[in-house]
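Accompanying notes for the structure given below.
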Amino acid sequence: MRLARILPLALVGPACGFSAVRSPATGPTRTGGDACGGYSRYYRHCPSPLRDSTGASSSSVEDDVSSSLPVDALKSSAVASADDAGPGPSLSQDVPPSSAVVNGAPTDNETTQVVAQQPPPFPIVLWRFTRPHTLIGSALAIPALHLLAAPVLSDAFTTTNAIAMLYAMVPSLLMNLYITGLNQITDVEIDRVNKPNLPIAAGDLSSQTATVVVVLALVASLTMGAAHPVLGSQGLNVALWGSGILGTMYSLRPFRLKRHPLLAALCIVAVRGTIINAGFFAHATAAAYGQAGGTAGGGVLSCLLTDPRCMLSSVFFGVFGIVIALMKDVPDVAGDELSNIRSFSVRVGQDRVFKAMRRLLFGLFVTFGAGFLRGAALAPTKFVMACRTFVGLASLAAGFSVREEARPVNPKDSGEVYAYYMHLWKLFYLSYLVLPFAR
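So, in structure tokens, the structure goes:
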């Protein structure tokens, strides 16, 4: 009887987490190799054969139960068990044609339940491995600083400047790949909790392959920095070596500065603030505009201390770097606690850090915005006045964006905080796009 076949399935089906379905009119043919005792047409991926406590096969259980219970009991038990099993095909629902069987075997149209997922192409994996949002930030910083360093804005649009800019771009992006890649290699266990979609944590890239990539990136970056007598300026090499050393100390033992929140923040501030801005500003003055300050001893420090454009850009992006460094840890509390990384968010709480960084960045934008608007009134030319007005208004708009976007964010919701964190990176990009007009 059909119901006699359904009963044992309805009784044991919920234990496997699946619901019973009606068999085709011909009924399935049981095969000895079926891991579900011949009922793989009813249950998907049953972990073990269906057997009773005495070790008898499911066929004996089926025969015993069907012969000892009345038909009404069979109907009620089957329906109740199917209902308890949760959502799934009802007993009255026919199996789709694609699941039809011929002589007990599935047809060619039967859909495979488990499909092996193809690994993504290596170029896509490598792109994810670079942490694109940091790569874009570096790619925008170099041309922006070259434009800012131009004595007159029109001087920036020359072949010499374009060559100096491109020559600095390649090794700096390779160094960015080394720093972010090294951090992923050393943080696999943390990333499996905080960022499971990263290539190594997700299993798309092996640690061995990742190690080869970062070593090659480091060697190629430092080699390019020293290869050319003019384009390989002191400023470029300070930026590359300074970033590489601090990036290594941030991730690798015995230093592993990221374990200490204050040192970790200072490390990121030094790279994003002083080293990148002062280094590439000095590179531009020497390689693109031929000014002695970029090549003489102490050229980077000289630019930082004597040129107000270099000093203000370093201060602005240094403070912005603090916000990025600390806001980055707010959604990562779970993994940091498991790995004993005592970030500020772990120590003082996500809510306090989130609010403090939001206020700091809002204050930064408003301060610079008000300063440039005041400076516009004292500008020597109409062009400079227009540039300062533009920078001032853009800064104020960005400041209010920081505040408004933060209103609906729950600091303890990792998804919401991460979305807000990426919004801050967009403001970071826009800041570099506006930077050449800060005159």
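Count the sequence shown with the numbering used here and you get residues 804 to 1242, in order.
Each residue gets a CB set at the ideal place from its N, CA and C atoms; glycine is no exception.
In this structure, how does DSSP classify residue i when only helix, strand and coil are distinguished?
i: His1031; result: coil
i: Trp1228; result: helix
i: Ala1241; result: coil
i: Ala1278; result: There is no way to answer for residue 1278, as the model of the chain reaches only from 804 to 1242.
i: Lys1158; result: helix
i: Gln921; result: coil
i: Gly1097; result: Its pLDDT being 43, under 50, Gly1097 is placed unreliably in this model, and the value from its coordinates should be taken loosely. Note: Gly1097 maps to helix in three-state DSSP.
i: Ala1091; result: helix
i: Lys998; result: coil
i: Arg1210; result: coil
i: Pro954; result: coil
i: Thr937; result: helix
i: Val991; result: helix
i: Ile982; result: helix
i: Pro1183; result: coil
i: Phe960; result: coil
i: Leu1107; result: helix
i: Ala883; result: For Ala883, the predicted model reports a pLDDT of 44, less than 50, meaning its position is unreliable and no value from the coordinates is stated.
i: Arg1145; result: coil
i: Asp1139; result: helix
i: Leu1008; result: coil
i: Ser1024; result: helix
i: Ser1234; result: helix
i: Gly1152; result: coil
i: Ser1198; result: helix
i: Ser1036; result: coil
If distances are taken between C-alpha atoms only, which option among the options comes closest to residue i?
i: Leu1008; options: Gly1174, Val928, Ser1046 and Phe1165; result: Val928
i: His936; options: Lys1131, Cys1190 and Thr1088; result: Lys1131
i: Phe1168; options: Arg1191, Leu1196 and Lys1185; result: Leu1196
i: Phe1119; options: Gly1166, Val1156, Leu1129 and Val1151; result: Gly1166
i: His1226; options: Phe1084, Ser1142, Ser1105 and Phe1203; result: Phe1203
i: Ala1241; options: Val1194, Val1220 and Glu1208; result: Val1194
i: Leu1066; options: Ala1081, Asn1080, Ile1079 and Gly1050; result: Gly1050
i: Trp930; options: Gly1152, Pro954 and Asn1000; result: Asn1000
i: Met1114; options: Gly1138, Gly1082 and Gly1035; result: Gly1082
i: Thr1192; options: Arg1177, Val1205, Ala1029 and Pro1183; result: Arg1177
i: Ala1090; options: Gln1011, Val1041, Leu1034 and Leu1108; result: Leu1034
i: Leu938; options: Met1160, Val973, Lys1185 and Pro1134; result: Val973
i: Ala1087; options: Leu1141, Thr962, Phe1147 and Asp1139; result: Thr962
i: Ser975; options: Val1015, Leu1181, Ala1159 and Ala1029; result: Ala1029
i: Lys1042; options: Lys998, Phe932, Leu1025 and Ser1054; result: According to the sequence displayed, residue 1042 carries Ala and not Lys. Of Lys998, Phe932, Leu1025 and Ser1054, the residue nearest in Cα terms is Leu1025.
i: Ile1048; options: His1031, Asp1216, Pro1032 and Cys1070; result: Cys1070
i: Arg1062; options: Ala1180, Ala971 and Val1136; result: Val1136
i: Val1133; options: His949, Lys1229 and Val1151; result: Val1151
i: Gly940; options: Leu1238, Val1237, Tyr1232 and Gly1102; result: Tyr1232
i: Ile1079; options: Val1212, His949 and Gly1218; result: His949
i: Ser1142; options: Ser1010, Ser957 and Asp994; result: Asp994
i: Tyr1221; options: Asn997, Pro1057, Ser1010 and Ser957; result: Asn997
i: Gly1138; options: Pro923, Val991, Asn1213 and Gly1045; result: Val991
i: Val1212; options: Ala1085, Lys1229, Pro1002 and Asp1154; result: Asp1154
i: Val951; options: Gln921, Ser1117, Arg1059 and Met1052; result: According to the sequence displayed, residue 951 carries Leu and not Val. Cα-wise, what sits closest to Leu951 is Ser1117.
i: Leu1236; options: Leu943, Glu1219, Val1016 and Met1027; result: Leu943
i: Val1016; options: Pro926, Pro946 and Ala1182; result: Pro926
Within 7 angstroms (strictly less), CB to CB, does residue i reach chain C?
i: Pro1134; result: Absence of chain C from the displayed structure is noted, only one protein chain being present.
Should residue i be listed as close to the ligand ATP, given that the test is whether its C-beta is under 6 angstroms from any heavy atom?
i: Ala944; result: This structure simply doesn't include the ligand ATP, nor any ligand for that matter.
**Message:** Which complete alpha helix (DSSP H) runs does the region 1045-1078 hold, if anything under 4 residues is left out?
**Reply:** Counting whole runs of 4 or more residues, the region 1045-1078 contains the alpha helix (DSSP H) stretches 1064-1072.
**Prompt:** Between the region 1119-1138 and the region 1073-1090, are three or more C-beta pairs nearer than 8 angstroms?
**Reply:** They touch, by the three-pair rule.
**Message:** Taking 8 angstroms as the cut-off, does the region 1168-1181 touch the region 1195-1210 (at least 3 CB pairs, one atom from each stretch)?
**Reply:** Yes, the region 1195-1210 touches the region 1168-1181.
**Message:** Assess contact between the region 974-984 and the region 1015-1025, defined as three or more Cβ pairs (one per stretch) separated by less than 8 angstroms. Is contact present?
**Reply:** Yes: at least three Cβ pairs fall under 8 angstroms.
**Asked** Using 8 angstroms as the Cβ pair cut-off and three pairs as the minimum, do the region 984-995 and the region 947-966 touch?
**Response** Not touching, per the Cβ criterion.
**Message:** Does the contact criterion of 3 or more C-beta pairs under 8 angstroms hold for the region 1205-1225 versus the region 1179-1191?
**Reply:** The answer is no - the region 1179-1191 does not touch the region 1205-1225, with fewer than three Cβ pairs under 8 angstroms.
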